[in-house]
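Undergrad: Take this structure, written in structure tokens, and hold onto it; I'll ask about it next.
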Amino acid sequence: MANQKTDPQKQGHVNDLQQNAQDVQGAQGVQDVQDVQDVQGAQDVRGAQDVRAVQDAHDLWGVRGMQDGQGEHHSAVIADEQQFHLQVYGRYPVVLERGEGVWVWDDEGNRYLDMLSGIAVNNTGHCHPHLVNAIREQAGKLIHTSNFYYNEPQSRLVRKLAELSGLDRVFLCNSGVEAMEGALKMARRYGNRKGKSGPILAAAGGFHGRSIAAIALGKEKYRKGFEPIPPGFATTPYNDIEALREVMNDDVVALAFEPLQGEGGIHAVSEVFMQEARALCDRHDVLLIMDEVQCGNGRTGSYFFYQQFDVQPDIVVTAKGVGGGFPVGAVMMTQAVADAMEKGSHGTTYGGNPLASAAALAAIEVLEDGGLIEGANERGAWFMEGLRKRVGGHPLVRDIRGVGLMIGVELTVQGRPVVEGLLKRKILSNVTMDCVIRILPPLLIEKPEMDLFINALAECLEEL
Ligand code: PLP
């Protein structure tokens, strides 16, 4: 970061900002620690540490120095987050401001290739004009009304999701965990009606969100410190049909899993597990729940991944990409499941509000009309081939796997340095399970952008 200690213009700017206590913290952002402490009347010196933290972070990540006037904003954004936001996210020191297609820009005007899509959310890319227009148009008409009344976008969306999933009814909500929680409640209701008191099972290694029930079904690591975990949930090994047979009986209420595990390291369900799980569920009147929060919404070459198997679940849960970036979640279910619910048995204030529903409808239209769903197969195949050719033989690469545009590159070493190396090269990426580089680009990614990523990844691997 440029040393601005001797820049009188900057110092004057800082002094001006003393007039406005609220802005002081912004001024601190472009000064080094000593300068900040020199500012008379600065009521809050906490920023000094923040500045140091930001600078250290920038040095670490190789983020360039700010241009005039931008540093204040940048550091204030980071400092406010660090002081006031609950510190549950490990963040990189990048302040993102706008996006277009597969690219996002930070507050310094740097452009980044987005290979994460907000964790499988921006499937239609950033700020697709059709999505933006739909949101603008609906926002000017009606943003929210309670579920005491009907609204047209909601009715169109539930029809669309029922058609897409092949299921009978839809419940709309706002996130993945809410959709999962809703599905668990519906399953429990269904089970109660059938006189079942057994567990809801989930395949181990899955991730279903952060509510207390969802962590009961997920990885051990997310349960730590949140005990007592509610009873009535259990896990069974993923893709292990023998183990599933042992725990299945008439008392079990439901079996839930991600047909393509995301957080768990990009592992696909086997054909045999899918078929046998369905057959076992049928035999014991157990509900089969597919969590397609991450792998759904076109990413694998079909709207939902389970559709690539000859299996129909009883409940499907989705979120993330369904709203193209607008927070939307959905539970789709058979009529038999829906029959266990009655008016007042579940609900949410925002779920399916006109703005969210209009956004989701537009996002689905972009995917369908733009051929992005079928395209995900072809693009994913190019990507996987390119990765295999360029880094497949690298001694630090253990495996390259995935379906469509949900790809994992498993390393034999920690993946974080690779994510850091990619960030230095202005590429947003992610590592899961410590060693799996998770690749979730917008579905409109083209070959040159894939090549850019592949070459950068190869370079990063060489640096390890
Ligand atoms: N289910 C799966 C498969 C997910 O990947 C996630 C989030 O990553 C969730 C559920 C929870 O979704 P949300 O973060 O929107 O609550």
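Going left to right, the sequence shown walks through residues 16 to 479 as this note's numbering numbers them. For each residue, glycine too, the CB sits at the ideal point set by N, CA and C. No experiment lies behind these values; they were computed from the predicted model shown.
(1) Anyone know if the C-beta pair for Ala194 and Val332 falls short of 8 angstroms?
(2) Can you check whether the CB of Pro246 is closer than 8 angstroms to the CB of Ala228?
(3) Rounded to a whole number of angstroms, what is the C-alpha to C-alpha distance between Phe319 and Asn470?
(4) Any chance the CB of His282 is under 7 angstroms from a heavy atom of the ligand PLP?
(5) So does the segment 199 to 214 actually touch the segment 265 to 272, counting three or more Cβ pairs closer than 8 angstroms?
(6) Here's the rule I'm using: 16 or more other beta-carbon atoms within 10 Å means buried, otherwise exposed. How should Gln169 be labelled?
(7) Would you list the residues whose beta-carbon is nearer than 6 angstroms to any heavy atom of the ligand PLP, in the order they occur in the chain?
(8) Checking 8 angstroms against the spacing of the C-beta atoms, do Ile388 and Gly339 come in under that value?
(9) For Cys475, which of helix, strand or coil comes out of DSSP?
(10) Taking contact to mean 3 or more Cβ pairs, one atom from each stretch, closer than 8 angstroms, check whether the segment 322 to 331 and the segment 131 to 148 are in contact.
(11) To which residues does DSSP link Leu187 through a beta bridge?
(12) Where Leu303 and Leu479 are concerned, what is the direct C-alpha to C-alpha distance, given to the nearest angstrom?
(13) Check the DSSP bridge columns for Val331 and list the partner residues they point to.
(14) Would Tyr365 and Asn166 be called neighbours here (beta carbons separated by less than 8 angstroms)?
(15) Contact check, Met421 vs Leu455 under 8 angstroms by CB: the rounded distance?
(16) Could you have a look at Ile469 and say whether DSSP puts it in helix, strand or coil?
(17) In this structure, how does DSSP classify Glu167 when only helix, strand and coil are distinguished?
(18) Hey, Gly191 and Pro457 are a contact pair by Cβ (cut 8 angstroms); roughly how many whole angstroms apart?
(19) Excluding five sequence neighbours on each side, which residues of the same chain lie with their C-beta closer than 6 angstroms to the C-beta of Thr363?
(20) With 16 other CB atoms within 10 Å as the buried threshold, where does Gln309 fall?
(21) How close, in whole Å, do the beta carbons of Pro214 and Phe163 come, if the pair is a contact with beta carbons under 8 angstroms?
(22) Please name the residue, chosen from Leu182, Pro274, Asp265, that lies closest to Ala218 on a Cα-to-Cα basis.
(23) On the premise that Val406 lies in contact with Leu472, defined as a C-beta separation below 8 angstroms, what is that separation, rounded to the nearest angstrom?
(24) Measure the C-alpha to C-alpha separation of Leu322 and Val412 and round it to an integer number of angstroms.
(25) Quick one: Cα of Gly140 to Cα of Asn264, how far?
(26) May I have a chain-ordered list of the beta strand (DSSP E) segments no shorter than 3 residues that lie completely inside the segment 388 to 428?
(27) Which value, in whole angstroms, describes the spacing of the CA atoms of Thr315 and Ile415?
(28) Determine, using beta carbons only, whether Lys439 and Leu128 come nearer to each other than 8 angstroms.
(29) What residues match up with Gln276 in a beta bridge as DSSP calls it?
(30) For the putative contact between Gln290 and Gly220, defined by C-beta atoms under 8 angstroms, what is the C-beta separation to the nearest angstrom?
(31) Can you tell me whether Leu101 is buried or exposed? The criterion is at least 16 other CB atoms within 10 Å of its CB, across all chains shown.
(32) From the DSSP output, in three-state form, read off Val60 for me.
(33) Go through its chain and collect everything with a Cβ distance to Asp122's Cβ below 7 angstroms, but skip five positions before and after it.
(34) Quick one: what does DSSP say Gly220 is sitting in, helix, strand or coil?
(35) Using only the alpha-carbon positions, how far apart do Asn445 and Arg208 sit?
TA: Taking the definition as stated:
(1) Their beta carbons are under 8 angstroms apart, which means Ala194 touches Val332 by this criterion.
(2) No, these two residues do not count as a Cβ contact at 8 angstroms.
(3) Roughly 31 angstroms separates the two Cα atoms.
(4) Remark: the C-beta of His282 is outside contact range of the ligand PLP, defined as less than 7 angstroms to any heavy atom.
(5) The segment 199 to 214, when compared against the segment 265 to 272, does touch it at the 8 angstroms Cβ threshold.
(6) Residue environment for Gln169: buried (at least 16 other C-beta atoms within 10 angstroms of its C-beta).
(7) Chain-ordered, the residues whose CB falls short of 6 angstroms from any heavy atom of the ligand PLP come out as Ile134, Ser190, Gly191, Val192, Met195, Phe222, His223, Gly224, Glu273, Gly277, Glu278, Asp306, Val308, Gln309, Ala334.
(8) No, Cβ-Cβ distance for Ile388 and Gly339 is not below 8 angstroms.
(9) Helix.
(10) No contact exists between the segment 322 to 331 and the segment 131 to 148.
(11) DSSP, once it has assigned bridges, lists Ala345 as partnering Leu187.
(12) For the pair Leu303 and Leu479, the Cα-to-Cα distance works out to about 43 angstroms.
(13) Paired residue(s): Met305, Met347.
(14) Against a cut-off of 8 angstroms, the Cβ pair of Asn166 and Tyr365 comes out as no contact.
(15) At roughly 6 angstroms, the Cβ-Cβ gap stays under 8 angstroms, so Met421 and Leu455 are in contact.
(16) In the structure shown, Ile469 falls within a helical segment according to DSSP collapsed to helix, strand and coil.
(17) Helix.
(18) 19 angstroms between Cβ atoms; not a contact.
(19) The residues are Cys188.
(20) Counting the other Cβ atoms within 10 Å of the Cβ of Gln309 gives 16 or more, which makes it buried.
(21) Beta-carbon to beta-carbon, Pro214 and Phe163 are separated by about 36 angstroms, too far to satisfy the 8 angstroms threshold.
(22) Here the closest residue by C-alpha is Pro274.
(23) Between Val406 and Leu472 the Cβ distance is about 6 angstroms, and since that is below 8 angstroms, they are a contact.
(24) Sequence inspection shows Gln at residue 322; the Leu mentioned does not correspond to that position. Rounded to whole angstroms, Gln322 to Val412 spans 31 angstroms at the Cα level.
(25) Cα-Cα distance, rounded: 44 angstroms.
(26) Assignment of beta strand (DSSP E) within the segment 388 to 428, counting only whole runs of 3 or more residues, yields 412 to 418, 421 to 426 in chain order.
(27) One C-alpha to the other measures close to 16 angstroms.
(28) No.
(29) According to DSSP, which records beta bridges pairwise, Gln276 is partnered with His282.
(30) Incorrect: roughly 20 angstroms between the Cβ atoms, too far for contact.
(31) Counting Cβ neighbours within 10 Å, Leu101 comes out exposed, since fewer than 16 surround it.
(32) Because the pLDDT of Val60 is 38, which lies under 50, any placement of that residue in the model is unreliable, and the question is left without a value.
(33) In chain order, Gln85, His88, His89, Val110, Glu112 place their CB closer than 7 angstroms to the CB of Asp122, counting only its own chain and leaving out the 5 sequence neighbours on each side.
(34) Under the three-state reduction of DSSP output, Gly220 falls in the coil class, being neither helix nor strand.
(35) Linking Asn445 to Arg208 through their CA atoms gives a straight-line distance of about 43 angstroms.
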